[in-house]
Every structure is written in C-alpha cells, then in structure tokens.
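As you go down the protein sequences, you meet chains P and R in turn. Using our numbering, the letters of the first sequence map in sequence onto residues 11 to 71. Using our numbering, the letters of the second sequence map in sequence onto residues 39 to 163. Glycine included, every Cβ here is placed at the ideal spot set by N, Cα and C.
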Amino acid sequence: MNFQVYNRDLNVGNIRVIGVSSSSLLMVGDAETIQLASAFDTPAESLIIGPFVPLSLDETS
Amino acid sequence: MLQRSSSVKKLHVTSASLSSIIQLGDSTVINGFSRAIAVQKEQQLFIGDSVDFSRYPIFRRPFVFPQENEQLTISTYHLNPIISVNTINVMGVSASSVLHIGNTQSVNMEARVKHIRELLPKRNR
C-alpha cells in the first residue's frame, strides 16, 4: 500500500489539560511509531470485604 | 528527511511528578513504564499488608499487539513545516507520563494498575 500524507497548515489555539497520567503522552510534533498499553484491575474483581484475617499471604487475585 | 518544527508560544505546567518528563526538543526513543497498587480502606487497619507486585497476575500478563503484515510505503510532504500552538496549560503530569514538544521516532509506554478496596462487613457499616 502507498500512503501519502500532505501536512498543510496546522495552527492550534489553546490546549487545556487537567491531567496526563499513567504512562500517557501529550505531544506536539511528529512521531514514527507510538505504542501504548495499559492494564487495569478494578473492583468488583478486587473487592475485599472483611473481616480481615491474613489467612494466606501468597493468595493471588 | 526534512522535519516539521513545533512552535508553542506559552507552556504552563503546575506539577510533574512520579518519573514524568517534560521534553522540549526532539528525541529518538521514549520508553515509559508505570505500575501501581492503589488500596482504598474503609478502616485504618494494616495487617498482613505486603505491597508485592509479583502477587498479582495483572503485573505479569503479556500484552498482545497486532502484527504489521502489510507492506506499507509512506511518503509525507510538509507543505507548511511548522506546527504552531498558542498556549498549553496542563495541571498535572504524573506516573511516567511524557509531555513532549518536538519530534520523536519511537514511543513505547506501559501502565499497569491494581485497585483494591477493603470494605467493612455490612454489620459494621
């Protein structure tokens, strides 16, 4: 496949960002390759409801 | 190959923390890696707490990326070689993130977060 790109005028006014977090990227410019990956494990899968007794230390969840 | 230039008139960053980078100018390789265990507790109880990444499979499981199979010929023509931005206002850059003004070749970033909520039994709430 032949892929042709013509970059003409690129003018941006104001960029307002609250947060760039967890290996994110805010970039003004060109890049050849960008590869981003993220993995989350959030409740309910990781919800622990008491009573809290450390029965085992090597449990994996 | 001729590159484009980035022109930012005003940049304001309130905070950059936890191995974050503000890069002004070109770079070649960017590698970012962040992992976190975020624990929320309903009660201040600390027993048997070991913050060990190896205990949780989410920090081990491999990412599967799509394979590049297609033969690709890219030709880029910069008719206006300036990217211009008036102002950038960022409140926070955190956890191995990058604010980059300028060109780069390859970017590779990874984040893994494990959330844990420890709640009291119903009768104690």
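> So which residues on chain P does VAL131(R) lean against when the C-beta distance must stay under 8 angstroms?
Replying inline: GLY29, VAL30, SER31 and LEU36
>> Looking at chain P, is there any beta carbon in it that lies within less than 8 angstroms of the beta carbon of LEU40(R)?
In response: no
>> Given a cut-off of 8 angstroms on the beta-carbon distance, is the pair THR125(R) and ASN24(P) in contact?
In response: yes
> What does GLN109(R) reach in chain P if we use C-beta pairs closer than 9 angstroms?
Replying inline: MET11
> Which word fits VAL128(R), buried or exposed, when buried means at least 16 other C-beta atoms lie within 10 angstroms of its C-beta?
Replying inline: buried
> By Cβ distance, which residues of its chain are closer than 6 angstroms to GLY130(R), with the 5 residues on each side in sequence left out?
Replying inline: SER53
>> For the ligand HEM, I want to know if THR52(R) counts as a neighbour, meaning its beta carbon is within less than 7 angstroms of at least one of the ligand's heavy atoms.
In response: In terms of ligand content, the structure shown is empty, and the ligand HEM therefore cannot be addressed.
> Listed in chain order, which residues of the stretch 96 to 107 of chain R have Cβ atoms closer than 9 angstroms to some Cβ of chain P?
Replying inline: ILE96, PHE97, ARG99, PHE101 and PHE103
> By a C-beta neighbour count over all protein chains shown, 10 Å radius and 16 as the cutoff for buried, is ALA76(R) buried or exposed?
Replying inline: exposed
>> Beta-carbon within less than 6 angstroms of LEU62(R)'s beta-carbon, same chain only, minus the 5 sequence neighbours each way: which residues are those?
In response: ILE139
> Taking buried to mean at least 16 other C-beta atoms within 10 Å of its own C-beta, is THR66(R) buried or exposed?
Replying inline: exposed
>> Can you pull out the residues from the stretch 135 to 156 of chain R whose beta carbon lies closer than 8 angstroms to at least one beta carbon of chain P?
In response: SER135, VAL136, LEU137, HIS138, ILE139, GLY140, ASN141, THR142, GLN143, SER144, VAL145, ASN146, MET147, GLU148, ALA149, ARG150, VAL151, LYS152, HIS153, ILE154, ARG155 and GLU156
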